[in-house]
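K.L.:
Got a structure here, written out as structure tokens. Questions coming.
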Amino acid sequence: MLGTLSTEARLIWLAIVLATIAIVLACLPYFLRTMAPKRGRPAKKATENITSPEPNPVPPPVSETNTVPLVNQDPNPTPTAAPSGHIHVTSGSGHVEHNATGGHVETVHTTGTTTTAPDPPRQGCTYKYFASCNPPTFTGREGAAGLLRWIEEMETKLKISQCLEEHKVSYAACSLKESALTWWNTQAKTLGSVTVDSMGWNEFKTLIMSEYCPITEIQKLQEEFWSHSMVGADSLAYTDRFHELTCLLPNMFPTEAALIEKYIKGLVPQIRGNVTAAEPTTLKRTILLTTKLTDEAVRSGTLISKSQTAVGRSEAGTSNVSKGTKRKWFGKSKTKAPAETSQNKPTVKNYGAAVPERKVYTGPAPKCDRCPYHHTGPCPVCAKCNRVGHYAKYCNFPARQPNQAPRPTAQTNRSCYTCGSPDHLMRNCPTNNTNPGNQARGRAFQIGAAEARHDANIVTGTFLLNNLYASVLFDTGADKSFISPEFASLLSLPTVELETPYVIELANGKMIKTSSVIQGCSLNLNDHLFCIDLLPIELGSFDVVVGMNWLSDNQAEVVCQTKVIRIPLPNGNTLVVQGERAGRKLGLISCMRAQKFLRKGCYAFLAHVTEHNSSPTRITDIPVVKDFPEVFPEDISGLPPTRQVEFRIDLIPGAAPVAKAPYRLAPSEMQELSGQLQELLDKGFIRPSFSPWGAPILFVKKKDGSFRMCIDYRELNKLTIKNRYPLPRIDDLFDQLQGATYFSKIDLRSGYHQLRIHDNDVPKTAFRTRYGHYEFLVMPFGLTNAPAVFMDLMNRVCRPYLDKFVIVFIDDILIYSRNQQEHAQHLKLILELLAREQLYAKFSKCEFWLREVQFLGHVVNENGIQVDPSKIKAVEQWETPRTPTEIRQFLGLAGYYRRFIKNFSKIALPLTTLTQKNQPFIWGSQQEEAFQLLKHKLCNAPILALPEGTDNFTVYCDASRQGLGCVLMQNDKVIAYASRQLKVHEKNYTTHDLELGAVVFALKIWRHYLYGTKCIVYTDHKSLQHILDQKMLNMRQRRWVELLNDYDCEIRYHPGKANVVADALSRKERVKPLRVRALGLTIQTSLIPQIRDAQQQALQTTNYSAED
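Dropping the structure here:
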């Protein structure tokens, strides 16, 4: 047939045959798969599972093991997907393997077990399968702990479902609910769909943790983990919470050894030692050992009282576990653990007493620390088991057998506080039957200290009570011994509540009730210690009153005539205690013995005896000043002369007059207002006004109790263009005082009133009162530009002598000189200037010819500058801040003296952090430590030297991850300290750049000292010595090197241990100084000869030998 065909037909026929063969070969695998036996699940479905192009098929549950026992011999084997299209069919007698690629079918017979091929690698999952895994939800209300728990469970679900990395964020976001879902939608809109779609799981965790798990919450969990400890016998609750915290904070204790150590440290002392001695090597072994030892301690009764102090924890822990109830995980999370029944968890037996749920106690009785009840008497004793801490109806212990010896009750040292008998307690004392309400009564006929010294029947003295000196009265008329509440607060001893109140009858018949006692106080009488119990009541002049109860117990004999107390000692000797006697002579001791007393902590008072002249200082008694009485008038009146400067009030464009209603004043203030208005009118400082302006007035009390009238110009100040005339810097003023040894200070009398107001601006100063409408003709107090204008006037007046021997700050003038002759000349020049300019001073506020002067909150003398003692007193009495505003007020005062405090910014960092916006006010231990340290450093601030010339300056620099610090010195004397905190971007600097930044910071802040002079800069970063020679510098370093080139400075290296500054500052503190209190005493002239005679006697040799 082919021979009859043409060549073209043959080719066509051959092509058709080849195409048919190709089609048959291509379809052959499909026919082979369809011919597989259809048992159990259809083979077609298995084929679809193998060849389906779906990227995320829903996988069936996978067995964790490859070899499983045959429990159910199913005659219909079920095929499962295998790698590379391999079909695995298992049955009770064998299995069939079909290779889809080669069409080979292999049957392997087994007898009892089936060995399967390894599971294929999954290609991800669909959301439907992920949702079937029941992923946890997060609402945002669970807090940081709830978020960490949610992330932990979510990662578990994502791992089980084998979710692809690109689907993890989208699947997990579907589990967000309520506020968390709203937050995620907002983030998605903000970041954009492209960013959200490409976001990885770790990036998502960082984003959500920054919102719901800030660093403060993590720190709270860390603090809880550090302080987590076992309560009573509830080891189960302790272990559960320990596991939860371990999962939440896996990096706190990274090794198992550290976890074991932390777990043991949190155990109760009754079992901690045994667990430690066992030296467990695994945490599991430690927990099992703890449970066993806890059960044994509960059975023996060692932990019975402790377990019942935490009733709520016991009920939620041990009791509920045995009942199979659900327990909360932790925190605010609503996610609960699956119910655990007794079938799948061993029952934990509770050997303690089950205390039923009850309402919160609101009665007056205190909470007992030995049992869960509120009472003042002994703890309840169970009549069933004879154990302390619960009643019989709540007892879970087995009843005591009839032939069993009774269990010994807890031994206590309680005795009757009224009569001291151990047979009964105070509430059952027979002496209480005669008192109404069963209240103990006593007498305390104490008297004042002044009367006691002169009373022959009273013995007083100063003795040590708990190592604190106390004024003691030995009162035979008092039944009990007492202590003042003020002195009791110094002892830091706990008070014990009495079972019944104790009523004390005072000498005036007044009845005082007390319900507490301080037990176990130590009274030191001539180096012999005695134990005494004291009742805290108000005593007046004395710190302690020793009554008959103590005197009787110690068989003390009181000899009132000689004010002596004789106390027999156990060794047969008699202790003789000498009380204070009236009119005794001065006790003379040598300086060496006085030093010994000071070393022991005794108080010393320095009495500086001078002859006091009560007559006031007069102008005629002061050299130079007596020649210028016209500068110090008693009062000034009339308008001041026309000066170089007039006070102007320039308003912003479009400002309209403002008038406010007068404030209401008290009757006393109204009377003061009338008098001050008349005085100002008489002086010509004010006049009646018809101005459209009007400001209210108010009064401020002065230190001496008088009133100062102030005008509320706040509305006018808002409309005034500010005068930017600079006020001098405080540190610049003090730098001018170098080398000065004599000082005089002049304070102008009502300085503002010595400057006229421009005629056009007089109506703007109008103020409204109950007695009329007035306006000022002179510059009043309270206007915004008043300090700047007056500073301008004083600088113009004192310009010829400014910074030569006089400095001025507004109305305060300080004259300084190197010696007495110069000072007389300088003082005369300034007084002549004031007389010529008709500027008047207030003599009572002026000081002349001083060797030490207080100026602008500092004390200046020839040695240098230091903090004003009055400011130190204000710092000492500063209470702990409770708001950010109070912190700012304290830092404002402390910052004024920051030049005296090394590393001021580093110390104040915990405080400044609380003043930031959106920062919760949490006053913790760090803040309290910084607050107290700043107070201490301010109260013990060093004396800073004033610079002398422009040579020999030395700078010490240092940097840390918190801030920069530097010290300026000259001739081994500290001139100033400076420090600041790091800015946000500076925290990313390298150590090299931080150290170089500290050098630049010092050069900038002390440019007025260091520019143009040769100085040495010390740093503990050695590579900075060659910074000027380095070639490879970044842009920041190049800018700083250019600044360094402007200074003639040499950078040197010194090790951190060889800190010359710290050594120089601590040099005077190596020997702890003896501190005494300096008191100003006014004494009679007749005592001076007596003191001189006593001092002469003290110098005699016999007194030194008598002391030895």
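Quick note on numbering: full-length UniProt numbering labels position 961 of the sequence shown as 961, and the sequence is numbered without any gaps.
Note that CB positions come from ideal geometry on N, CA and C, so glycine has one too.
#1: Pick out whichever of Arg599, Asn466, Val576, Leu598 has its Cα sitting closest to the Cα of Asp533.
#2: Return the chain-ordered list of same chain residues with a C-beta closer than 6 Å to the C-beta of Glu862, the five sequence neighbours on each side being excluded.
#3: Would you call the CB atoms of Ser179 and Thr139 closer than 9 Å?
#4: Of the residues Arg882, Met548, Lys626, which one's Cα is nearest the Cα of Leu827?
#5: Buried or exposed for Leu569, please, with buried defined as at least 16 other CB atoms from any protein chain shown within 10 angstroms of its CB.
#6: What whole-angstrom Cβ distance do Arg768 and Pro662 have, given they're in contact under 8 Å?
#7: Just list the residues that DSSP pairs Phe767 with in beta bridges.
#8: Please classify Lys983: does DSSP put it in a helix, a strand, or coil?
#9: Less than 6 Å between C-beta atoms, sequence neighbours within five positions excluded: which residues of the same chain meet that for Ser229?
#10: Reducing DSSP to helix, strand and coil, say where Ala786 ends up.
#11: When we look at the beta-carbon of Gly864 and count the other beta-carbons within 10 Å, is it buried (16 or more) or exposed?
#12: Going by the CB atoms, is the gap between Tyr1053 and Leu1024 shorter than 9 Å?
#13: For the beta strand (DSSP E) that Asn549 lies in, which residues bound it at each end?
#14: What span of residues does the alpha helix (DSSP H) with Val196 cover, start to end?
#15: By DSSP's criteria, Ile151 is part of a beta bridge. Which residues make up the other side?
#16: When DSSP builds the beta bridges, which residues end up paired with Arg687?
#17: Take Ile622 and list the residues in its own chain whose beta-carbon comes closer than 6 Å to its own, dropping the five residues that flank it on each side.
#18: Assuming the contact rule is C-beta atoms closer than 8 Å, Lys168 and Leu181 should be a hit. Round their C-beta distance to whole Å, please.
#19: Please name the residue or residues paired with Met794 in a DSSP beta bridge.
#20: Given this structure, state the Cα-to-Cα distance separating His985 from Val1000, to the nearest angstrom.
#21: Starting from Asn819, trace the alpha helix (DSSP H) both ways and give me its first and last residue.
#22: For a minimum of 3 consecutive residues, which ranges assigned as the beta strand (DSSP E) are wholly contained in the stretch 590 to 640?
#23: Does the pairing of the stretch 1040 to 1053 with the stretch 999 to 1019 give three or more beta-carbon distances under 8 Å?
#24: Three-state secondary structure (DSSP) at Lys1022?
#25: What number of angstroms, rounded off, separates the C-alpha of residue 1113 from the C-alpha of Phe597?
#26: Hey, would you say Lys906 sits closer than 9 Å to Gln962, going by beta carbons?
#27: Would you call the CB atoms of Leu994 and Ala978 closer than 9 Å?
#28: Scan the stretch 167 to 249 and note each continuous alpha helix (DSSP H) run of 4 residues or more that stays entirely inside, going in chain order.
#29: Whole angstroms is fine: what's the gap from Thr617's alpha carbon to Gly579's?
#30: Kindly list the residues whose CB is nearer than 8 Å to the CB of Glu715, restricted to its own chain and excluding five residues on each side of it in sequence; keep chain order.
#31: Using the rule of at least 16 other Cβ atoms within 10 Å of the residue's Cβ for burial, across every protein chain shown, is Val24 buried or exposed?
#32: Following the continuous beta strand (DSSP E) through Asp1048, name the residue where it begins and the one where it ends.
#33: So Asn524 is in the alpha helix (DSSP H); what residue range does that whole segment cover?
#34: Give me the residue from Val298, Thr500, Met199 with the minimum Cα distance to Ser235.
#35: One question on the structure: do Val778 and Leu639 come within less than 9 Å of each other, judged by their Cβ atoms?
#36: Just to confirm before moving on: does the CB-CB distance between residue 1143 and Thr246 stay below 9 Å?
P.N.:
Taking the coordinates as given:
#1: To locate residue 533, count along the sequence shown from 1; it is residue 533. Asp533 has its Cα closest to that of Asn466, out of Arg599, Asn466, Val576, Leu598.
#2: One-based indexing of the sequence shown puts residue 862 at position 862. Thr741.
#3: By one-based count along the sequence shown, residue 179 stands at place 179. By one-based count along the sequence shown, residue 139 stands at place 139. Closer than 9 Å, so yes.
#4: The residue given as residue 827 occupies position 827 in the sequence shown. That would be Lys626, whose Cα lies nearest to the Cα of Leu827.
#5: Indexing the sequence shown from 1 puts residue 569 at position 569. By the neighbour-count rule (16 or more Cβ atoms within 10 Å), Leu569 is not buried but exposed.
#6: Mapped onto the sequence shown, residue 768 falls at position 768. Mapped onto the sequence shown, residue 662 falls at position 662. With 8 Å as the limit, Arg768 and Pro662 qualify as a contact, their Cβ atoms being about 5 Å apart.
#7: Position 767 of the sequence shown, counting from 1, holds the residue named residue 767. Answer is Ala695, Tyr774, bridged to Phe767.
#8: As a working note, residue 983 is residue 983 in the sequence shown. Three-state result, Lys983: coil.
#9: As a position in the sequence shown, residue 229 is number 229, starting the count at 1. Closer than 6 Å at Cβ, skipping near neighbours: Gly266.
#10: By 1-based counting over the sequence shown, the position of residue 786 is 786. Helix at Ala786.
#11: As a first step, residue 864 must be located in the sequence shown, where it is residue number 864. Burial call: buried.
#12: In the sequence shown, the residue the question calls residue 1024 occupies position 1024. In the sequence shown, the residue the question calls residue 1053 occupies position 1053. Result yes, Cβ atoms of Leu1024 and Tyr1053 sit closer than 9 Å.
#13: Counting from one through the sequence shown, the residue named residue 549 turns up at place 549. Premise fails: Asn549 lies in the alpha helix (DSSP H), 548 to 553, not in any beta strand (DSSP E).
#14: By one-based count along the sequence shown, residue 196 stands at place 196. Residues 193 to 197.
#15: Walking along the sequence shown from the start, residue 151 turns up at place 151. DSSP, once it has assigned bridges, lists no residue as partnering Ile151.
#16: The residue given as residue 687 occupies position 687 in the sequence shown. Answer is Glu775, bridged to Arg687.
#17: As a working mapping, residue 622 is identified with position 622 in the sequence shown. Only Phe848 meet the Cβ criterion.
#18: The residue labelled residue 168 in the question sits at position 168 within the sequence shown. The residue labelled residue 181 in the question sits at position 181 within the sequence shown. Wrong, their Cβ atoms sit about 17 Å apart, outside the cutoff.
#19: Indexing the sequence shown from 1 puts residue 794 at position 794. BP columns for Met794 are empty, so no partner.
#20: For the purposes of this step, residue 985 is taken as the residue at position 985 of the sequence shown. For the purposes of this step, residue 1000 is taken as the residue at position 1000 of the sequence shown. One C-alpha to the other measures close to 17 Å.
#21: Residue 819 sits at position 819 when you count from the first residue of the sequence shown. Where Asn819 is concerned, there is no enclosing alpha helix (DSSP H), given that its DSSP letter is neither H nor E.
#22: 605 to 607
#23: yes
#24: In the sequence shown, the residue the question calls residue 1022 occupies position 1022. In the structure shown, Lys1022 sits in a helix (DSSP, three-state: H, G or I).
#25: Nothing about residue 1113 can be read from this structure; the chain reaches only from 1 to 1108.
#26: Here residue 906 refers to the residue found at position 906 of the sequence shown. Here residue 962 refers to the residue found at position 962 of the sequence shown. Yes, they are a contact pair.
#27: Stepping through the sequence shown from its first residue, residue 994 is reached at position 994. Stepping through the sequence shown from its first residue, residue 978 is reached at position 978. Going by C-beta atoms, Leu994 is not nearer than 9 Å to Ala978.
#28: 178 to 191, 193 to 197, 201 to 212, 215 to 227, 235 to 248
#29: By one-based count along the sequence shown, residue 617 stands at place 617. By one-based count along the sequence shown, residue 579 stands at place 579. So the two alpha carbons sit approximately 46 Å from each other.
#30: Translated into positions along the sequence shown, residue 715 becomes position 715. Hits under 8 Å: Val658, Lys660, Ala695.
#31: For the purposes of this step, residue 24 is taken as residue 24 along the sequence shown, with counting starting at 1. Label assigned to Val24: exposed.
#32: Locating residue 1048 in the sequence shown gives position 1048, counting from the first residue. Run containing Asp1048: 1048 to 1053, per the beta strand (DSSP E) assignment.
#33: As a position in the sequence shown, residue 524 is number 524, starting the count at 1. No alpha helix (DSSP H) contains Asn524, which is instead part of the beta strand (DSSP E) from 511 to 525.
#34: Looking up residue 235 in the sequence shown gives position 235. The shortest C-alpha separation from Ser235 is found at Val298.
#35: Locating residue 778 in the sequence shown gives position 778, where the first residue counts as 1. Locating residue 639 in the sequence shown gives position 639, where the first residue counts as 1. It is a contact, given that the beta carbons lie within the stated cut-off.
#36: What is shown of the chain runs 1 to 1108, which leaves residue 1143 out entirely.
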